[in-house]
Every structure is written in C-alpha cells, then in structure tokens.
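Data block below; observations after.
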C-alpha cells in the first residue's frame with residue numbers, strides 16, 4: 001500500500017512538473033523560483049545565515065533533481081527555460097540602458 005502511494009505521488013509530481021515546463025509562464029515561474037533559492041550563489045556567510053541559505057539552496061537542488069527525473073525531455077525543457085529567462089534579462093538590461101541614455105539628454 002505504501003509503495004503504491006509513493007509511486008502515485010511521484011507520478012503526479014512528475015506530471016505537474018511536466019505541465020509547468022511545457023508552458024512559457026510555467027518555465028518563467030520555475031526560473032524565478034530557482035533564482036530565489038540561490039542555487040548558483042555561495043551560501044557561506046560565516047554565521048548562522050549560512051544554515052538558512054543552505055536550506056533555500058537545498059530546495060532548489062531538489063527541484064533540479066525532479067526535473068532530471070523527467071529524463072531528456074525535462075533537461076531540454078529546463079534549458080529552454082534558461083534561454084528564455086536569459087533573453088528576458090538581456091532585454092530588461094537593454095531597456096534600462098536606453099532609459100538611462102534618455103535621462104542624460
């Protein structure tokens with residue numbers, strides 16, 4: 001019974017994650033969520049804040065593991081999400097630079 005329940009939970013989690021990754025807004029949300037977990041930032045602070053940072057980072061790593069569990073399609077969709085996210089960041093930087101140039105005039 002317990003094994004069946006665990007398999008069912010895993011399947012539902014994978015289906016939900018696949019649905020998120022297959023929509024542009026879902027991919028955006030996932031990238032923002034991963035950014036907030038600071039998975040790519042050094043978490044050591046030299047004080048107890050490190051424990052909090054590592055907890056946040058662990059959540060991000062668990063999400064990445066879930067994405068990997070989807071196989072190649074999950075990894076490809078994550079890469080697509082990363083590219084979309086980077087393009088949006090570049091566009092935002094360009095708009096900010098244009099506004100700064102306009103302020104100089």
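In UniProt numbering, the protein residues as written are 1 to 105.
Virtual Cβ for every residue (Gly too), placed ideally from N, Cα, C.
No experiment lies behind these values; they were computed from the predicted model shown.
The beta carbon of residue 67 is closer than 6 Å to those of 74, 78 in its chain, skipping five residues each way along the sequence. Per DSSP, residue 73 is one residue of the alpha helix (DSSP H) stretching across 72 to 104. Judged by their CB atoms, residue 60 and residue 39 are nearer to each other than the 7 Å cut-off. Secondary structure at residue 19: helix, using DSSP grouped into helix, strand and coil.
Listed in chain order, the alpha helix (DSSP H) elements of length 4 or more contained wholly in the UniProt domain "Bbp19-like phage" (21 to 64) are 24 to 36. Cβ atoms of residue 14 and residue 69 come within 8 Å of each other, at about 6 Å. No Cβ-Cβ contact shorter than 7 Å links residue 31 with residue 96.
Put simply, of 16, 5, 21, 45 the residue whose alpha carbon is nearest the alpha carbon of residue 83 is 21.
The C-beta of residue 100 has fewer than 16 other C-beta atoms within 10 Å across all chains shown, which makes the residue exposed.
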